[in-house]
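First comes the structure, then the notes that go with it.
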Amino acid sequence: MDQVVSEKVARDPTADYIAAIEEHGYVRIPQVFDKSTVDTMLDRVSAWFDKTVQAQSARMPRLNKQQPMVYNLQSKDIAFCRLILQTPVIEDILKHFLNDQWFSSVPAEDPNYILRSFLARSSNYQMPMHIDSFIPYTGSYPFIMQCSIPLEDQTRENGCTVIVPGSHKSNKYAEQSAIEQAIPIESKAGDLIIWDSRIWHAALDNVSGRTRWSIIATFCRWWIKQAFDIPGNMPQKIYDQLSNKEKAVLGFCSVPYDDETRGIDMKRSYDLLPEKVADYRI
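Residue numbers for the sequence shown follow full-length UniProt numbering, so the first one is 1 and each next one is one higher.
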């Protein structure tokens, strides 16, 4: 059985979510998002897939080829940004695991972790057992975490994610034979699944003949390289709607300067945020 924590019985639910991630490597929180929000997000993801599927690079990684994907949701619609940046339980959990206490340029109560990648996916084929942390390691300080929001129910039949509980503590790369001990993370549209990037996980074959869209936001410590140049490619119309705190999570407070004539400190304060995206290096 997967690690479900009920908000109805937990005296301090966020503390229980954190404890579940620390022990098991992941947590599923039921029905964080209501049906109206999920339906809206599904409609917008589907529309953006139709708009962008032909424009995606031919240089796709092997595991991403022939998989329905929409990349860089943060640049597509402000609603996608708000979904992950204005959900308190996401922020509270990620601050606990990913905030750097020495990043004093922004208020201590605000996030200083950043968004590494933000996409929607509807898998078709089985994905092998793997980790998302690049390297395995032990310790109490994850440096990458994923937040998955199912927009459609995830089941064994349509290829849900499977996880090896506790494997984030293994200090090993994922072993393919571990698929035999993995448990399926069956979930409902509107749930929230958060996992430590070191956990061994995979996806089953989608034999349903239907889509299984999920939104997946990957967050990391501020010093990790983002998957795309998120600050440099943020549409101005979306940037104008973001709060300073949200701009920091998108990377604007930790993006490198061009050279020493611009500046040298990679940890910037809110008062150094530019008005125009085109000037973000100044």
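The C-beta atom is built at its ideal place from N, Cα and C for all residues, glycine as well.
> Could you check where the alpha helix (DSSP H) with residue 45 kicks off and where it finishes?
Replying inline: Secondary structure note for residue 45: its alpha helix (DSSP H) is the uninterrupted segment 35–52.
>> Can you tell me whether residue 258 sits near the ligand NAP, meaning its C-beta is under 6 Å from at least one heavy atom of the ligand?
In response: For the ligand NAP, the structure offers nothing, since it holds no ligand at all.
> In terms of alpha-carbon separation, which member of 14, 226, 274 and 119 lies closest to residue 143?
Replying inline: Comparing Cα-Cα distances from residue 143 to each of 14, 226, 274 and 119, the minimum goes to 226.
> Taking the Cβ atom as the reference point for each residue, do residue 114 and residue 251 lie within a distance shorter than 7 Å?
Replying inline: The answer is yes: Cβ separation under 7 Å.
> Under a Cβ-count criterion, where at least 16 other Cβ atoms within 10 Å of its own Cβ denotes burial, should residue 288 be classed as buried or exposed?
Replying inline: Because the chain spans 1 through 282 in this model, residue 288 falls outside it and cannot be assessed.
>> Applying the 10 Å Cβ sphere with the 16-neighbour rule, what's the burial state of residue 17?
In response: Buried, by the Cβ-count rule.
> In this structure, does DSSP put residue 13 in helix, strand or coil?
Replying inline: DSSP places residue 13 in helix when its eight states are reduced to three.
>> Let me make sure I understand the geometry here. Which of 126, 253 and 145 has the alpha-carbon closest to that of residue 134?
In response: Here the closest residue by C-alpha is 145.
> Looking only at its own chain, which residues have a Cβ that is under 8 Å from the Cβ of residue 12, when we skip the five neighbours before and after it?
Replying inline: Hits under 8 Å: none found.
>> Measuring alpha carbon to alpha carbon, tell me which residue in 258, 157 and 191 is nearest residue 126.
In response: Nearest C-alpha to residue 126 among 258, 157 and 191: 157.
> Just reading off the alpha helix (DSSP H) that residue 82 is part of, what are its end residues?
Replying inline: Taken as a continuous stretch (DSSP letters only), the alpha helix (DSSP H) holding residue 82 covers 78–85.
>> Please report the distance separating the alpha-carbon of residue 54 from that of residue 80.
In response: When rounded, the distance between both Cα atoms is 21 Å.
> According to DSSP, what are the bridge partners of residue 130?
Replying inline: According to DSSP, residue 130 bridges with 201.
> Do you know how far the Cα of residue 85 is from the Cα of residue 257?
Replying inline: Linking residue 257 to residue 85 through their CA atoms gives a straight-line distance of about 25 Å.
> So, residue 102 versus residue 70, is the Cβ gap smaller than 7 Å?
Replying inline: No, these two residues do not count as a Cβ contact at 7 Å.
>> Quick check: the segment 29–38 against the segment 169–178, are at least 3 beta-carbon pairs closer than 8 Å?
In response: Too few Cβ pairs lie closer than 8 Å, so no.
> Taking C-alpha atoms, which residue in 74, 28, 104 and 96 lies nearest to residue 265?
Replying inline: With distances taken between CA atoms, residue 265 lies nearest to 104 out of 74, 28, 104 and 96.
> Given residue 212, which residues of its chain have a CB within under 7 Å of its CB, disregarding the five upstream and five downstream residues?
Replying inline: If we look at residue 212 and ignore the five residues flanking it on each side, its Cβ neighbours are 122, 123, 152, 154, 158, 159 and 206.
> Considering residue 114, what are the terminal residues of the alpha helix (DSSP H) in which it resides?
Replying inline: Where residue 114 is concerned, there is no enclosing alpha helix (DSSP H), although the beta strand (DSSP E) it sits in stretches over 114–121.
>> Taking the alpha carbon of residue 45 as the reference point, which residue from 162, 68 and 164 has its own alpha carbon closest?
In response: Among 162, 68 and 164, the Cα nearest to that of residue 45 is on 68.
> Hey, how far is the Cα of residue 276 from the Cα of residue 21?
Replying inline: A straight-line Cα-Cα distance of about 38 Å links residue 276 and residue 21.
>> For a test of the three-state rule: what should DSSP assign to residue 217, helix, strand or coil?
In response: Note: residue 217 maps to strand in three-state DSSP.
> So which of 168, 189, 163 and 188 has the shortest CA-CA distance to residue 179?
Replying inline: Residue 163 is the option with its Cα nearest to residue 179.
> Between the beta-carbon of residue 199 and the beta-carbon of residue 148, is there less than 7 Å?
Replying inline: Going by beta carbons, residue 199 and residue 148 fall outside the 7 Å limit.
> What distance in whole Å lies between the Cβ atoms of residue 187 and residue 136, which are believed to be in contact at a cut-off of 8 Å?
Replying inline: Taking 8 Å as the upper bound for CB-CB distance, residue 136 and residue 187 are not in contact here, some 26 Å apart.
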